[in-house]
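Student: Residue numbers (the working numbering), protein chains in the order written: chain A, 1138 to 1388; chain B, 28 to 514.
All residues carry an ideal CB built from backbone N, CA and C; glycine is no exception.
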Amino acid sequence: MLKIQDLHVHIEGKEILRGLDLELPDGEVHAIMGPNGSGKSTLAYTLAGREGYDVTQGRILFDDLDLTEMEPEERAREGVFLAFQYPVEIPGVVNANFLKSSVNALRKHRGEKELDAMEFLKLARQKLKLLKMNEELLSRPINVGFSGGEKKRNEIFQMGMLEPRLAVLDETDSGLDIDALKIVADGVNTLRGPGRSILLITHYQRLLDYIVPDKVHVMVAGRIVRSGGKELALELEARGYADVVKAAAAA
Amino acid sequence: MVASQQTLETLRSLGGEYKYGFVTDIESDFAPKGLDENTVRFISAKKGEPEWLLEWRLKAYRLWRAQHDEGHEPAWARVTYPKIDYQDIYYYAAPKTKNQPKSLDEVDPELLKTYEKLGIPLAERAALAGVAVDAVFDSVSVATTFRERLKELGVIFCPISEAVRDHPELVKKYLGSVVPYSDNFFASLNSAVFSDGSFVYVPPGVRCPMELSTYFRINAKDSGQFERTLIIADKGAYVSYLEGCTAPMRDENQLHAAVVELVTLEDAEIRYATVQNWYPGDKDGKGGIYNFVTKRGACRGARSQISWTQVETGSAITWKYPSVILQGDDSVGKFYSVAVTNNHQQADTGTKMIHIGRNTRSTIVSKGISAGQGQNTYRGLVRVLPKAEGARNYSQCDSLLIGDKCGGHTVPYIEVKNRSARVEHEATTSKISDDQLFYCRQRGLSTEDAVSTIVNGFCREVLQKLPMEFAVEAQKLLGVSLEGSVG
Chain A
1138 MLKIQDLHVH
1148 IEGKEILRGL
1158 DLELPDGEVH
1168 AIMGPNGSGK
1178 STLAYTLAGR
1188 EGYDVTQGRI
1198 LFDDLDLTEM
1208 EPEERAREGV
1218 FLAFQYPVEI
1228 PGVVNANFLK
1238 SSVNALRKHR
1248 GEKELDAMEF
1258 LKLARQKLKL
1268 LKMNEELLSR
1278 PINVGFSGGE
1288 KKRNEIFQMG
1298 MLEPRLAVLD
1308 ETDSGLDIDA
1318 LKIVADGVNT
1328 LRGPGRSILL
1338 ITHYQRLLDY
1348 IVPDKVHVMV
1358 AGRIVRSGGK
1368 ELALELEARG
1378 YADVVKAAAA
1388 A
Chain B
28 MVASQQTLET
38 LRSLGGEYKY
48 GFVTDIESDF
58 APKGLDENTV
68 RFISAKKGEP
78 EWLLEWRLKA
88 YRLWRAQHDE
98 GHEPAWARVT
108 YPKIDYQDIY
118 YYAAPKTKNQ
128 PKSLDEVDPE
138 LLKTYEKLGI
148 PLAERAALAG
158 VAVDAVFDSV
168 SVATTFRERL
178 KELGVIFCPI
188 SEAVRDHPEL
198 VKKYLGSVVP
208 YSDNFFASLN
218 SAVFSDGSFV
228 YVPPGVRCPM
238 ELSTYFRINA
248 KDSGQFERTL
258 IIADKGAYVS
268 YLEGCTAPMR
278 DENQLHAAVV
288 ELVTLEDAEI
298 RYATVQNWYP
308 GDKDGKGGIY
318 NFVTKRGACR
328 GARSQISWTQ
338 VETGSAITWK
348 YPSVILQGDD
358 SVGKFYSVAV
368 TNNHQQADTG
378 TKMIHIGRNT
388 RSTIVSKGIS
398 AGQGQNTYRG
408 LVRVLPKAEG
418 ARNYSQCDSL
428 LIGDKCGGHT
438 VPYIEVKNRS
448 ARVEHEATTS
458 KISDDQLFYC
468 RQRGLSTEDA
478 VSTIVNGFCR
488 EVLQKLPMEF
498 AVEAQKLLGV
508 SLEGSVG
């Protein structure tokens, strides 16, 4: 269970999140929608612990852990995963080797035996099959020369390998054509289930046709201003953000 | 495989501090400090050398002396260091033994313990690993393994001082034939005072069945190390040679001025790989090795090949340009290099590819990594002479910067005198970005592992050229060398 309480975040002295509250129970998928500049990506980076995102007030609680002051790698090892909006290229580093280090860093933290090359490969092949992805992904350098769709798919594959307890998907639908979107959405649906909470950050209702959320939150000016069921997304799609923004300003 | 990994334990994760900074307590046999004709005679006499070699040394000495007195120490490299007092160095330091050891049992146990600490498999178990080690401790080769097995094939692998005695015709023919004593200031110095090093001869048509390996270590205080290596691959022969280096921690700077000469005849191939981890000095730039080395190969025969692969993580200053003279038609020269400078280290390193024969080809891949206040310069020459019809060169020089106080520089020299030649040069400079670091950390890697991962990716093309076991150690070494470079 993720509990965000009265979260205030500054970037270079400017307040971006202004008292955000959010609860995401185990096994649920919540969507966060909102206009440009409302702080959606800031929330994603803050959850992952990126430097320069200063929490000035409030707390991020994750089960019995307080994530607020933890280093990014400590959060990752506790099962927090961020699918990046813009996955980073790392030339010369082969995906399989990188993921093996990554998987083993998490396993080591949990006190489990680290996987050797063969065990890792076996697991990776299983996951690729499950996600209907090509094995060639393993031998390519991380995100180098990948199309937009391939990069996003690679993020979902990594998520599958790391089996996070909390996955934050930051505009995973952006820049995808409809076929790529379906593949990514299928992947996410495959990975959803008990013991794993997913936070979907998106601009558009379109993604939610494929990944049906348990709840939808609307974010405006660094706060959640409305929450509802999946029908809320359709309402926003039909009427735009203007009404909620106005209502938020009036409140 | 198992024991060869032991050889390489030497280079194994150093835990942030220089792990090989121990000093072995052995009584050494020194030549008096300083350098004059008597020093040269002393060294030559100690080795029981023939007259011709002494004469050669003396010619080299006189030339060096003249250059030194006229202030002609080379100053063109992009490195700075206080003037070296050549009279304040021991030019000969040998562990004291009553008699030459005939087998391992006769070698000073203290010395063997040092090798054990270094992880070198001097014992026979290394046979299983297929590594023959010629260990150079300060100036004298202590023991050479597997000579017997190599001997059956006619491969000669021994200390060069022994080769002078047992194979004078080969030494006389090839010594100084690639790097003449007049080549440069440090080559002259080395020719005058070289005390030991390795000698390899692979006879026609023989493929050397094991990787030959030498381990260099500077032990004595204030001593220089001037080893001389000579490798000859006769027609159709093949040999792969590995060289690793460490030195104890000393506050004073120590000089290492080696010369390596390689010769390939028709259809022969030599692969020479170095992992250099000399003491780099402390965080403030105090101490460390001055590594002023001349390495050159001559592809004398048609279709012969020489490749240099180097991973340079140590030394306070590195000044070396492993080069290939492409004399034979269709001969091939390759240079793959990773050079790391952290803290106050300086490196000016690169290669020279001299195309003389027709259809000669050369490839240069250089990866420079700078962190802290390190300065890293790639300096390389590609020269195509008029008769080198159809010569081709491809050069790629990439710099990676970590932090904002370091420097990466690329200085390519290209001289083409044949119109049919094709020469390509590409260069890039990049930084490890915050985005890359954060991405790795978000996947559970520590900052240090993230840096190491990114750097190893950057060097991948070069590391792939190393023999397997060396590559693994080199990867670890890269990570260790850069520890603490990201805040």
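Identify the contact partners of Glu1210/A in chain B, using a Cβ-Cβ distance below 7 angstroms as the criterion.
Tutor: Against the first sequence, residue 1210/A aligns to sequence position 73. What Glu1210/A touches in chain B: Arg468, Gly471, Leu472, Ser473.
Student: Under a Cβ-count criterion, where at least 16 other Cβ atoms within 10 Å of its own Cβ denotes burial, should Asn211/B be classed as buried or exposed?
Tutor: What you label residue 211/B is simply residue 184 of the second sequence in a count that begins at 1. So Asn211/B ends up on the buried side.
Student: Please confirm if Phe1294/A has its CB atom under 9 angstroms from at least one CB of chain B.
Tutor: If you number the first sequence from 1, residue 1294/A lands on position 157. No, Phe1294/A lies away from the interface with chain B (no Cβ there is under 9 angstroms from its Cβ).
Student: Express the C-alpha separation of Glu451/B and Gly181/B in angstroms, rounding to a whole number.
Tutor: Within the second sequence, numbered from 1, the residue matching residue 181/B stands at position 154. Within the second sequence, numbered from 1, the residue matching residue 451/B stands at position 424. Answer to the nearest angstrom: the Cα atoms are 41 angstroms apart.
Student: Which ranges would you report for the beta strand (DSSP E) in the segment 1311 to 1378 of chain A if only whole runs of at least 3 residues count?
Tutor: Runs of the beta strand (DSSP E) inside the segment 1311 to 1378 of chain A: 1334 to 1339, 1352 to 1357, 1360 to 1365.
Student: My output table needs one value for Ala418/B: the three-state DSSP class, helix, strand or coil.
Tutor: The count along the second sequence starts at 1 and reaches residue 418/B at position 391. If DSSP states are grouped into helix, strand and coil, Ala418/B belongs with coil.
Student: Comparing alpha-carbon positions, which option in His1145/A, Gly1366/A, Gly1312/A, Asp1307/A lies nearest Lys1177/A?
Tutor: Here residue 1177/A corresponds to residue number 40 of the first sequence, with the count starting at 1. Checked all of His1145/A, Gly1366/A, Gly1312/A, Asp1307/A; the closest Cα to Lys1177/A is Asp1307/A.
Student: Taking Cβ positions only, does Glu339/B come closer than 9 angstroms to chain A?
Tutor: Reading the second sequence from its first residue, position 312 is the one you call residue 339/B. So no, Glu339/B is outside the interface.
Student: Please confirm if Ile481/B has its CB atom under 9 angstroms from at least one CB of chain D.
Tutor: The chain inventory of the structure shown lacks chain D, comprising the protein chains A and B.
Student: How is Asn1232/A classed by DSSP in three states: helix, strand or coil?
Tutor: Translated into the one-based positions of the first sequence, residue 1232/A becomes position 95. Here Asn1232/A sits in helix by DSSP.
Student: Taking Cβ to Cβ, would you say Asp357/B is nearer than 9 angstroms to Arg388/B?
Tutor: For this step, residue 357/B is matched to residue 330 along the second sequence. For this step, residue 388/B is matched to residue 361 along the second sequence. Yes, Cβ-Cβ distance for Asp357/B and Arg388/B is below 9 angstroms.
Student: Buried or exposed: where does Asp520/B fall if 16 or more other Cβ atoms within 10 Å of its Cβ makes it buried?
Tutor: Any question about residue 520/B goes unanswered here, given that chain B covers just 28 to 514.
Student: Which residues in the same chain have their Cβ closer than 6 angstroms to the Cβ of Thr1193/A, if we skip the five residues on either side of it in sequence?
Tutor: Taking the first sequence and counting its residues from 1, the one referred to as residue 1193/A is at position 56. Excluding residues within five positions, the ones whose Cβ falls inside 6 angstroms are His1145, His1147.
Student: Starting from the Cα of Ala190/B, find the closest Cα among Pro236/B, Arg255/B, Val220/B and give me that residue.
Tutor: Here residue 190/B corresponds to residue number 163 of the second sequence, with the count starting at 1. Closest by alpha carbon: Arg255/B.
Student: Which value, in whole angstroms, describes the spacing of the CA atoms of Glu78/B and Phe253/B?
Tutor: For the purposes of this step, residue 78/B is taken as residue 51 along the second sequence, with counting starting at 1. For the purposes of this step, residue 253/B is taken as residue 226 along the second sequence, with counting starting at 1. Straight-line Cα distance between these residues: approximately 20 angstroms.
Student: How would you write the range of the alpha helix (DSSP H) that Trp91/B sits in, first residue to last?
Tutor: Translated into positions along the second sequence, residue 91/B becomes position 64. 78 to 96 is the extent of the alpha helix (DSSP H) around Trp91/B.
Student: Could you give the DSSP three-state label for Thr256/B: helix, strand or coil?
Tutor: Translated into the one-based positions of the second sequence, residue 256/B becomes position 229. DSSP places Thr256/B in strand when its eight states are reduced to three.
Student: Does the CB of His1246/A have a neighbour CB from chain B at under 9 angstroms?
Tutor: Locating residue 1246/A in the first sequence gives position 109, counting from the first residue. Judged by the 9 angstroms Cβ criterion, His1246/A is in contact with chain B.
Student: Measure the C-alpha to C-alpha separation of His1246/A and Glu510/B and round it to an integer number of angstroms.
Tutor: As a first step, residue 1246/A is located in the first sequence; it is residue number 109 there, counting from the start. As a first step, residue 510/B is located in the second sequence; it is residue number 483 there, counting from the start. Each residue's alpha carbon lies about 22 angstroms from the other.
Student: Taking Cβ positions, are Glu1226/A and Phe1294/A nearer each other than 9 angstroms?
Tutor: Within the first sequence, the letter at position 89 stands for residue 1226/A. Within the first sequence, the letter at position 157 stands for residue 1294/A. No. Outside cutoff.
Student: Using a cut-off of 7 angstroms between C-beta atoms, extract the partners of Asn1187/A located in chain B.
Tutor: As a position in the first sequence, residue 1187/A is number 50, starting the count at 1. Residue identity differs from the one stated: residue 1187/A is Arg in this sequence, not Asn. Simply Phe465.
Student: Using the three-state DSSP reduction, which class does Leu1161/A fall into: helix, strand or coil?
Tutor: Along the first sequence, read from residue 1 onward, the residue named residue 1161/A stands at position 24. Three-state DSSP puts Leu1161/A in a strand.
Student: Buried or exposed: which applies to Arg327/B, given that a residue is buried once 16 or more other Cβ atoms fall within 10 Å of its Cβ?
Tutor: Here the question's residue 327/B lines up with position 300 in the second sequence. Counting Cβ neighbours within 10 Å, Arg327/B comes out buried, since at least 16 surround it.
Student: Which bits of chain B does Ala1239/A rub up against, with CB to CB less than 9 angstroms?
Tutor: Working through the first sequence from its first residue, we reach residue 1239/A at position 102. Residue identity differs from the one stated: residue 1239/A is Ser in this sequence, not Ala. The contacting residues are Cys467, Arg470, Gly471, Leu472.
Student: I need the straight-line Cα distance from Ala260/B to Leu292/B, nearest angstrom please.
Tutor: On the second sequence, residue 260/B is found 233 positions in, with the first residue counted as 1. On the second sequence, residue 292/B is found 265 positions in, with the first residue counted as 1. Cα to Cα, the separation comes out at about 6 angstroms.
Student: Provide the residue span of the alpha helix (DSSP H) that contains Met1298/A, from first to last.
Tutor: Within the first sequence, the letter at position 161 stands for residue 1298/A. Looking at the DSSP string, the run of the alpha helix (DSSP H) that includes Met1298/A is 1285 to 1299.
Student: List the DSSP bridge partners of Asp1307/A.
Tutor: Reading the first sequence from its first residue, position 170 is the one you call residue 1307/A. Note: Asp1307/A sits in a beta bridge opposite Ile1338/A.
Student: Would the segment 1240 to 1258 of chain A and the segment 1303 to 1321 of chain A be scored as touching if the rule is three or more Cβ pairs under 8 angstroms?
Tutor: No, because fewer than three Cβ pairs between the segment 1240 to 1258 of chain A and the segment 1303 to 1321 of chain A fall closer than 8 angstroms, the two stretches do not touch.
Student: Hey, is Gly435/B's beta-carbon within less than 9 angstroms of any beta-carbon in chain A?
Tutor: As a position in the second sequence, residue 435/B is number 408, starting the count at 1. It does not; no Cβ of chain A falls within 9 angstroms.
Student: First and last residue of the beta strand (DSSP E) that includes Gln469/B?
Tutor: Mapped onto the second sequence, residue 469/B falls at position 442. Careful: Gln469/B lies outside any beta strand (DSSP E), inside the alpha helix (DSSP H) at 461 to 469.
Student: With a cut-off of 9 angstroms, does the C-beta of Ser218/B fall near any C-beta of chain A?
Tutor: Numbered from its first residue, the second sequence carries residue 218/B at position 191. Not an interface residue.
Student: Any beta-carbon of chain B closer than 9 angstroms to the one on Arg1214/A?
Tutor: Here residue 1214/A corresponds to residue number 77 of the first sequence, with the count starting at 1. Yes - at least one Cβ of chain B is within 9 angstroms of the one on Arg1214/A.
Student: Quickly, what does DSSP pair Gln402/B with across the bridge? List them, please.
Tutor: Working through the second sequence from its first residue, we reach residue 402/B at position 375. According to DSSP, which records beta bridges pairwise, Gln402/B is partnered with Gln373/B, Gly434/B.
Student: For Leu1267/A, does the count of other Cβ atoms within 10 angstroms reach 16, so buried, or fall short, so exposed?
Tutor: Looking up residue 1267/A in the first sequence gives position 130. Leu1267/A comes out exposed.
Student: Which value, in whole angstroms, describes the spacing of the CA atoms of Gly42/B and Gly506/B?
Tutor: To locate residue 42/B, count along the second sequence from 1; it is residue 15. To locate residue 506/B, count along the second sequence from 1; it is residue 479. Bear in mind that the predicted position of Gly42/B carries a pLDDT of just 34, short of 50, making it too unreliable to give a figure here.
Student: If contacts are defined as beta-carbon pairs under 8 angstroms, then Ile481/B and Gln463/B qualify, I think. What distance do you get, rounded to the angstrom?
Tutor: Taking the first residue of the second sequence as position 1, residue 481/B is located at position 454. Taking the first residue of the second sequence as position 1, residue 463/B is located at position 436. Right, their Cβ atoms sit about 6 angstroms apart.
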